[in-house]
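Those sequence lines, one after another, are chains A and B.
For the first sequence, the working numbering begins at 8 and goes up steadily by one.
For the second sequence, the working numbering begins at 64 and goes up steadily by one.
For each residue, glycine too, the CB sits at the ideal point set by N, CA and C.
First the structure, in the form of structure tokens, and then the observations on it.
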Amino acid sequence: MKKRRTITREATLGIILLAIIVFLSLTTSFFTKSGLYSFMLDVSPTVVAAIAVGMVIFTGNIDISVGTISGFVAYTAGALVKAGAPMVVFVPAAIAIGTLLSGINGFITVKFKVPSLVVTLAMNMVHIGFYATFLPQSGWIENLGPRFTWFGRGRILDVIPYTFVVALIVSIVAMFVMKYTRFGRALYAVGGNRQSAIFSGINPDTTVMKVFLVQGFLIGISALLRAMTRNEVMPSVFVGRELFFISAALVGGISIFGGSGKIVGAVMGAALVYLLSIAMIYYGLQDYYQFALQGIIILVAVFITVTDFGKIRKRMQRGKLKVAIND
Amino acid sequence: MEDKKILLIEGVYKHFPGVQALSNVSIDLRQGEVHAVVGENGAGKSTLMKIICGVHQPDRGTMTLYGKPLRVSNPNEAYSRGIAIIYQESSLFPDLTVLENIFTGHEIMKRPLRFLPFKVIDYPAMRQKSEAVFDRLGIRIDLDAVVSTLGVATKQMVEIAKALTFESQILILDEPTAALTSNEVDTLFATIRRLRDEGNSMLYISHRLDEVFQIADRVTVYRDGQYINTADVKDVTKDELVSWMVGRTLGNLYPKETVQIGEVVFEVRHVSQEGVLDDISFQLRKGEILGISGLAGAGRTELAQAICGLAHPDKGELILNGHRLNITDYRRTLERGIAYMPEDRQAYGLVLPMTLKVNITQKVQRQISNTIGIIDPTKERKVAATFMKQLAIRAPHAEFIVNNLSGGNQQKVCVAKSLAVEPQILILDEPTRGVDVGAKSEIHRIISSLAKAGKSIIVISSDLPEILGMCDRVVVMKNGRIAGELNREELSQERLLSMEL
Numbered sequence: 008m009k010k011r012r013t014i015t016r017e018a019t020l021g022i023i024l025l026a027i028i029v030f031l032s033l034t035t036s037f038f039t040k041s042g043l044y045s046f047m048l049d050v051s052p053t054v055v056a057a058i059a060v061g062m063v064i065f066t067g068n069i070d071i072s073v074g075t076i077s078g079f080v081a082y083t084a085g086a087l088v089k090a091g092a093p094m095v096v097f098v099p100a101a102i103a104i105g106t107l108l109s110g111i112n113g114f115i116t117v118k119f120k121v122p123s124l125v126v127t128l129a130m131n132m133v134h135i136g137f138y139a140t141f142l143p144q145s146g147w148i149e150n151l152g153p154r155f156t157w158f159g160r161g162r163i164l165d166v167i168p169y170t171f172v173v174a175l176i177v178s179i180v181a182m183f184v185m186k187y188t189r190f191g192r193a194l195y196a197v198g199g200n201r202q203s204a205i206f207s208g209i210n211p212d213t214t215v216m217k218v219f220l221v222q223g224f225l226i227g228i229s230a231l232l233r234a235m236t237r238n239e240v241m242p243s244v245f246v247g248r249e250l251f252f253i254s255a256a257l258v259g260g261i262s263i264f265g266g267s268g269k270i271v272g273a274v275m276g277a278a279l280v281y282l283l284s285i286a287m288i289y290y291g292l293q294d295y296y297q298f299a300l301q302g303i304i305i306l307v308a309v310f311i312t313v314t315d316f317g318k319i320r321k322r323m324q325r326g327k328l329k330v331a332i333n334d
Numbered sequence: 064m065e066d067k068k069i070l071l072i073e074g075v076y077k078h079f080p081g082v083q084a085l086s087n088v089s090i091d092l093r094q095g096e097v098h099a100v101v102g103e104n105g106a107g108k109s110t111l112m113k114i115i116c117g118v119h120q121p122d123r124g125t126m127t128l129y130g131k132p133l134r135v136s137n138p139n140e141a142y143s144r145g146i147a148i149i150y151q152e153s154s155l156f157p158d159l160t161v162l163e164n165i166f167t168g169h170e171i172m173k174r175p176l177r178f179l180p181f182k183v184i185d186y187p188a189m190r191q192k193s194e195a196v197f198d199r200l201g202i203r204i205d206l207d208a209v210v211s212t213l214g215v216a217t218k219q220m221v222e223i224a225k226a227l228t229f230e231s232q233i234l235i236l237d238e239p240t241a242a243l244t245s246n247e248v249d250t251l252f253a254t255i256r257r258l259r260d261e262g263n264s265m266l267y268i269s270h271r272l273d274e275v276f277q278i279a280d281r282v283t284v285y286r287d288g289q290y291i292n293t294a295d296v297k298d299v300t301k302d303e304l305v306s307w308m309v310g311r312t313l314g315n316l317y318p319k320e321t322v323q324i325g326e327v328v329f330e331v332r333h334v335s336q337e338g339v340l341d342d343i344s345f346q347l348r349k350g351e352i353l354g355i356s357g358l359a360g361a362g363r364t365e366l367a368q369a370i371c372g373l374a375h376p377d378k379g380e381l382i383l384n385g386h387r388l389n390i391t392d393y394r395r396t397l398e399r400g401i402a403y404m405p406e407d408r409q410a411y412g413l414v415l416p417m418t419l420k421v422n423i424t425q426k427v428q429r430q431i432s433n434t435i436g437i438i439d440p441t442k443e444r445k446v447a448a449t450f451m452k453q454l455a456i457r458a459p460h461a462e463f464i465v466n467n468l469s470g471g472n473q474q475k476v477c478v479a480k481s482l483a484v485e486p487q488i489l490i491l492d493e494p495t496r497g498v499d500v501g502a503k504s505e506i507h508r509i510i511s512s513l514a515k516a517g518k519s520i521i522v523i524s525s526d527l528p529e530i531l532g533m534c535d536r537v538v539v540m541k542n543g544r545i546a547g548e549l550n551r552e553e554l555s556q557e558r559l560l561s562m563e564l
């Protein structure tokens, strides 16, 4: 059988990324020490979060409460620091909170057979309500001091943030897990064809539960990477972040229907989303323009990455574009 | 051949809410035999197979494998005991590669480095093992090809290979030929014989009785969840099998009535579509049943879609009742009286989670609604009731969910949907695929009576006996062209096949 050589989605994405980087480097101060540093600092939490939500999307599920979960993670860390806890305590505790909250989403999805979109939509609202009602000052804690920020602000050779190293390690481990562990293979199987996953001896419920726990763990890391760059925490700044995480994963070619996509895509998707917003800042576009433009770019990017133009053309030629048939 | 019974199943009962799926069912499988399991839809074949491979648990009954009691709680356990099932619907993961598919759920693991406490997937070992299996099957395949890019026949080989990587000695094949062309069936049968000669045993489930005679050594018949009979294939006739399956003798499987064939009502002239159809011309007469035969990929479905306005041919003319049609709009074709019933009722034909009523009236929404689009429930019920009665659709009421009907009845709903538009010309694409013998015969009777009522019918079918039995005339297609045309008197299986190949 002849091997078909086609450009993969990930390669397409890589080329687009490279083009933007070259363009930015030539026309702006992007390719300077401070430009690169701030890019790496900004992109790191999103990379980790895009991997986290990407894994859930592989199974055909989605979690839109990851933004508000991040808020809880940040608050937990901040509150513990204020209470005098050392890093070996507040970091694991904060990650545990993320894992727990995401685990609750997974549990409800699996146990009560509620679609994860509905579960997490509801939890998203519950979380926001919780911030305002139960957290003192809606969870705002200031003056956390260097005990909190030293890691987030630390850099290697004055240019590579520690957080970026963490994101890099998480990316490599995640790629390894997807390719070389049964858990990773099971994610694709459950999202690709649930029934045959069962016939292959995979338990979809256990798999989905596990992936929500893993997501929570990674969201914990992601939220800390972001929170620890600042001297204060404010849970509500994380509200709406899920849009960026999910769009990074989708731009990276992870199929919203589950069963297909790559971790490296999510990583590049995160980079693309950030590069675009940086580009807009360099060119002086205002916040709201940025939002709108970014939305449009996400649509275009997803369209480009998910569309198999060759296939469409072939089907049209054969007069068999299947959507038209069931009239 | 040895008479060693390797798998023995006795007195199995299984109850599902609302149905006794199996009662007192038995079967035995010998070393190195192909054992066919036949029965109408709902006879309990699939349930039994699912019990053997651990998807369901039996309520009662014993199963022994190599003389030891067999108890399996999930499919992987069955695999590890040497029993593998190849399902009717593809159980592959479309976005994964052949290699990944073969080993999903039972990946070969190894420690990446000797001192590390965890194991990872060992791709080189999996690749080696798959290559060995494909060599054994005598097939060359790209292990890195993504499964969604493969054809149906290749996918099936991948499933068989998957089963063989478990070192299975018992293979269960559930309707393996349902989606294959006759060429591909030959390849599959060669593989089956090869495996049998190596000493493997196979349970072969099929609707197509001809295949049973081609491939099987013994055959067991079930009906309504009960064991009926087992026989050596060489000792039974097709009529006997059919009578066991339906509990009565079907007078004639293909009840074609002689109909006075009238004037030409529809004509296709020089229809071409690049890469698909090449200069297709034929005529259709009033009361005629015209068969379109050919291998899958010969352009049969494409032709049907081109003449009913679903596709856009590059050139050609369609003439209906003497008027030239220039149709590229399916809705307008429908209104002119050409209805197309697509193949694969599950994918294209029906809205499975909706009611009978909604499905039957789907193509006539305009006729049953007023000018602003509000549906008249009385008219809707009337249309549904009319066709349920005309086609003898067995359902408790018109509000019944189509998904819960048997395959045969679903197929009748499909036909009803096209009939509801009261077409002059009815194009039926694979009207009896995957339905049992009884329902098939009923559908044939319906087609025949429609022709008698003056409708002209085009039947596209891969089922040669159906084509031979039902059609007044057959157009044989090959590579998008008409390879020939045969009248009823000239028809024979040999002639059809020689034109198709």
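Within 10 angstroms of its Cβ, does residue 134 (chain A) collect 16 or more other Cβ (buried), or is it exposed? buried
Could you round the C-beta distance between residue 370 (chain B) and residue 381 (chain B) to whole angstroms and report it? I think they count as a contact, below 8 Å. 6 Å
For the beta strand (DSSP E) that residue 249 (chain B) lies in, which residues bound it at each end? From DSSP, residue 249 (chain B) is part of no beta strand (DSSP E) but of the alpha helix (DSSP H) over 245-260.
Please list, in chain order, all residues of the same chain as residue 77 (chain B) whose beta carbon is under 7 Å from its beta carbon, the five residues on each side excluded. 84, 85, 110, 114, 119, 121 and 122
Here's the rule: buried if 16 or more other CB atoms are within 10 angstroms of the residue's CB, otherwise exposed. What is residue 215 (chain B)? exposed
Residue-chain proximity (residue 266 (chain A), chain B), Cβ-Cβ < 8 Å: yes
Of all the options A:227, A:244 and A:284, which has the alpha carbon lying nearest to the alpha carbon of residue 139 (chain A)? Residue A:244 is the option with its Cα nearest to residue 139 (chain A).
Nonlocal neighbours in the same chain, by C-beta distance under 6 Å from residue 146 (chain A), ignoring five residues either side: 82, 138 and 242
When the cut-off is 8 Å and only beta carbons count, does residue 168 (chain B) lie next to chain A? Interface with chain A (8 Å Cβ-Cβ cutoff): residue 168 (chain B) is included.
Buried or exposed: where does residue 157 (chain A) fall if 16 or more other Cβ atoms within 10 Å of its Cβ makes it buried? exposed
Please go through the same chain and pick out, in chain order, the residues whose beta-carbon is closer than 6 Å to the beta-carbon of residue 494 (chain B), but skip the five residues on each side of it. The residues are 506.
Give the DSSP-derived three-state secondary structure of residue 140 (chain B) in the structure shown. helix
Does residue 201 (chain A) have its Cβ less than 8 Å from a Cβ in chain B? no
What does residue 208 (chain A) reach in chain B if we use C-beta pairs closer than 8 Å? What residue 208 (chain A) touches in chain B: 137, 138, 139, 140, 142, 168 and 169.
Anything in the stretch 175-188 of chain A with a Cβ closer than 9 Å to a Cβ of chain B? List those residues in chain order, please. 183, 186, 187 and 188
So, residue 484 (chain B) versus residue 445 (chain B), is the Cβ gap smaller than 8 Å? no
Own chain residues within Cβ distance below 8 Å of residue 378 (chain B), not counting five before or after: 333, 334 and 335, listed in sequence order.
Would you mind sorting residue 270 (chain B) into buried or exposed? The rule is 16 or more other CB atoms within 10 Å of its CB. Classification for residue 270 (chain B): buried.
Candidates A:215, A:15 and A:71: closest to residue 116 (chain A) by CA position: Closest in alpha carbon position to residue 116 (chain A), among A:215, A:15 and A:71, is A:215.
Jot down the residue ranges of each uninterrupted alpha helix (DSSP H) in the stretch 82-125 of chain B, minimum 4 residues, whole runs only, in chain order. Scanning the stretch 82-125 of chain B from its first residue to its last, the whole alpha helix (DSSP H) runs of 4-plus residues come out as 108-115.
So, does the stretch 85-95 of chain A touch the stretch 204-213 of chain A, judging by three or more C-beta pairs under 8 Å? no
Report the rounded CA-to-CA distance for residue 198 (chain B) versus residue 219 (chain B), giving the unit in angstroms. 16 Å
Counting only Cβ pairs nearer than 7 Å, list the residues of chain B close to residue 18 (chain A). Going along chain B, no residue has its Cβ under 7 Å from residue 18 (chain A), so there is no contact; the nearest lies around 15 Å.
Kindly indicate which three-state DSSP category residue 329 (chain B) falls into: helix, strand or coil? The DSSP-derived three-state label of residue 329 (chain B) is strand.
Exposure of residue 526 (chain B), with buried meaning 16 or more beta-carbon neighbours within 10 Å: buried
In the DSSP assignment, what residue or residues form a beta bridge with residue 293 (chain B)? B:283
Residues of its chain near residue 114 (chain A), where Cβ-Cβ distance is below 7 Å and the 5 sequence neighbours each way are ignored: 216
Can you find the residues in the same chain that come closer than 7 Å, C-beta to C-beta, to residue 87 (chain A), ignoring five residues on each side of it along the sequence? 96, 97 and 100
At a Cβ threshold of 8 Å, is residue 2 (chain A) touching chain B? Since the displayed chain A opens at 8 and closes at 334, residue 2 (chain A) lies outside it and no answer follows.
Within a Cβ cutoff of 8 Å, which residues of the same chain sit near residue 395 (chain B), ignoring the five residues on either side of it in sequence? 372
Exposed unless 16 or more other CB atoms sit within 10 angstroms - verdict on residue 517 (chain B): exposed
How long is the line joining the alpha carbons of residue 282 (chain A) and residue 417 (chain B), rounded to whole angstroms? 47 Å
Are the CB atoms of residue 442 (chain B) and residue 431 (chain B) within a distance shorter than 8 Å? yes
Is DSSP giving residue 242 (chain A) helix, strand or coil here? helix
Assuming residue 302 (chain B) is part of the alpha helix (DSSP H), what are its boundary residues? 301-309
Nearest to residue 323 (chain B) by alpha carbon, out of B:513, B:560 and B:408? Out of B:513, B:560 and B:408, B:513 has the C-alpha closest to the C-alpha of residue 323 (chain B).
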